[in-house]
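Report on one structure; see the data block that follows.
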Amino acid sequence: MQPLTRRTHIYSLEAEYDFSATLWTYISGLEPGTQIEIWNLWDGYDFRSEPIAARHLSRSALNLSDLEWPINENVCLSIR
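Position in the sequence shown (from 1) plus 1 gives the number in the working numbering.
Below you can see the structure in the form of structure tokens.
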């Protein structure tokens with residue numbers, strides 16, 4: 002992740018099943034106003050030649066199906 006972002010705090014959240022529900026629970030527990038980025042990168046991803054799909058959502062507009070989008074792609078989901 003370090004070549005892709007200059008963020009000071011990077012956490013990894015792994016779940017073997019129902020990842021979107023695990024992520025929803027995590028996000029729901031954050032303080033209001035907390036801004037986060039969710040990155041999903043598949044093994045072998047070449048950040049120098051492949052674009053990263055990005056999506057920006059407000060927390061109030063976020064729903065569980067939005068968290069299913071990053072599962073199958075190399076993406077960054079920004080939630081504010």
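Backbone N, C-alpha and C fix where the C-beta goes; we use that ideal spot for every residue, glycine too.
Predicted, not measured: the structure shown is a model, and the values here were computed from it.
Item	Value
Measuring straight from C-alpha to C-alpha, what distance separates S59 and G45?	30 Å
How many Å lie between S66 and S21 at the Cα?	8 Å
Using alpha carbons as the reference points, say which of I80, D19, N75 and S79 lies closest to R49.	N75
Per DSSP, which one or two residues make a beta bridge with I37?	I80
Using the Cα positions of L25 and L68, report the straight-line distance between them to the nearest angstrom.	Leu is not the amino acid found at residue 25; the sequence shown has Trp there. Their backbone Cα atoms lie some 7 Å apart in a straight line.
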